[in-house]
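The next block holds one structure in the form of structure tokens; read it before the comments.
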Amino acid sequence: MSFTSCLSIPPALAEVAGKVGAGERITAEDALQLYNSNFLSLSGLLAVEVKKRLNGDYVYFNNNFHIEPTNVCINHCKFCSFRRNKGQKGSWECTIEEMVEIVRSYSGKSCSEVHIVGGVHPDRDVWFYADLLKAIREEAPLLQIKAFTAVEVDQMCKMAGMSVEEGLQVLKDAGLVAMPGGGAEIFDETLRAGICPDKTTSTEWLSIHETAHRMGIPTNATMLYGLKENYLHRVDHLSRLRDLQDKTGGFNAFIPLKFRKANNLYASRQETSVVEDLKNFAVSRIFLDNIPHLKAYWPMIGKQAAQLSLHFGVDDLDGTIDDSTRIYAMAGAEEQNPSASTAELTEMIRRAGYIPAERDTLYKILRTW
Ligand code: V47
């Protein structure tokens, strides 16, 4: 007798559970079954099973900080609380010297990574950003640079009159180690046209990541959820990522990003519940069986929900961050001044029953507790 047959679980769901237990890949229809069911704890159990196969009892974090070069942006994404026009009150455009100064302020603090993401600036091209990376590398040769969403890369290459491949080569030569997963939003073309009409398209986003993977630049992937989409849209998004990962193997981590409503055009909408957030982590973990890591970005959902997510398939808590990012605080995220000490992150992980592992950008373990 199977484990699930002793419980009052609908047969279709028991079948999905059986597949996950046997290590089989689930289909899009199976993922929909999980999304549509109210057996949250079963989804959590299955997600932890997949997580353990991939990462054992480790839960990763890193010692990092962010640089947001500018919030001036040519795009007009309706969910964004961060963007400003050039010269508008509240806009900023850091110079290379100012950004190197930020890096210098972290010397001696054992950070292994700087995460650089900002608005899509109207006049800064690949050469500007390559100079930035070179200057950072000169200042801190051991610091790994994870930088620029596919949307930023798209625009900076166009500005320089280069193909994406040529532009990424310039950035790689200047010190780019990996790319973050932002700008994916939701791939469904109709929804995307409504919420971020002038942004890099879904096909272009996927193609830029495919090019990066081919060139040996690993990347992350995200999904903005809780804004207009239904479960079919989410499964479509996850399917496009899983298909690309089957082809390239270049995604390191998937990060679901919960829509936050403050200070943007969707302020009157309701945000998702913690139950929905945990379900989304679990289904993502089970469906994306080929992406090694599932990250909970704690500044967005808060530390308590992030700790709970470790029982829904999450194996990565991002990093210490040191209050160096504004994007989510401006959108009303849980953490208005996000900062976590190594002691705090290791304690969160240990109290959830896992082994804390400090990692670098490429998931090499630097230390365990
Ligand atoms: O693409 C913007 C999201 C992303 C809102 O790769 C919002 O390690 C919710 O991708 N509500 C950029 N989300 C940041 C990003 C990221 C963050 C942390 C780690 C990594 C990584 C990547 O932020 C955007 C967009 O999807 N976003 N506004 C909002 N109101």
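Count along the sequence shown from 1, add 50, and you get the number used in my numbering.
Note that the Cβ used here is the ideal one computed from N, Cα and C, for glycine as well.
All figures in this text were calculated on a predicted structure; none of them were measured in a lab.
Contact between the segment 65-75 and the segment 298-308 is absent, with fewer than three C-beta pairs closer than 8 Å. By the Cβ neighbour-count rule, V220 is buried, with 16 or more other Cβ atoms within 10 Å of its own. Look at G369 here: in three-state DSSP terms it is strand. In the structure shown, the three-state DSSP call for Q194 is strand.
E397 and H361 have their C-alpha atoms some 15 Å from each other. Under the 8 Å Cβ criterion, the segment 241-261 counts as touching the segment 124-141, having at least three qualifying pairs.
Distances between the C-beta of I351 and the heavy atoms of ligand 1 are all 6 Å or more. Taking 6 Å as the cut-off, one finds at least one heavy atom of ligand 1 near enough to the beta carbon of A381.
Distance from the C-beta of R284 to the nearest heavy atom of ligand 1 is not below 6 Å. Below 8 Å, enough C-beta pairs join the segment 93-101 and the segment 351-365 to call them touching: three or more. Contact check between the segment 257-265 and the segment 205-218: three or more CB pairs, one atom from each, fall below 8 Å, which counts as touching. Under the three-pair Cβ rule at 8 Å, the segment 186-203 counts as touching the segment 249-258. I405 is bridged by DSSP to Y108. Secondary structure at M265: coil, using DSSP grouped into helix, strand and coil. Here N314 is buried. Its C-beta has 16 or more other C-beta atoms within 10 Å.
Looking at A383, T240 and S58, the one whose alpha-carbon comes closest to that of A317 is A383. Here DSSP, grouped into helix, strand and coil, assigns K278 to coil.
Around the CB of G106, fewer than 16 other CB atoms lie within 10 Å, so the residue is classed as exposed. Measuring C-alpha to C-alpha distances from M229 to each of I166, L344 and A393 identifies I166 as the nearest. Shown here, N113 sits in coil according to DSSP, grouped into three states, outside any helix or strand. The nearest non-hydrogen atom of ligand 1 is 6 Å or more from the C-beta of E254. Neighbourhood of ligand 1, defined by CB distance below 5 Å to any of its heavy atoms: F129, C130, P230, G231, G232, G233, N270, T272, L274, L307, F309, R310, Y347 and A381, in chain order. DSSP places A228 within a strand segment (E or B) once states are collapsed to three. At least 7 Å separates the beta-carbon of D372 from that of Q194.
Residue pairing from DSSP places L344 in a beta bridge opposite F304.
Here S157 is exposed. Its C-beta has fewer than 16 other C-beta atoms within 10 Å.
Collapsing the DSSP output to three states places N125 in coil. The DSSP-derived three-state label of I258 is helix.
For S141, the closest alpha carbon among the candidates L395, S389, M380 and N387 is that of M380. In the structure shown, E394 falls within a helical segment according to DSSP collapsed to helix, strand and coil. In the DSSP secondary-structure assignment, V164 is bridged to F115 and I195.
Closest in C-alpha terms to K102, from the list V164, V70, F111 and N88, comes V70.
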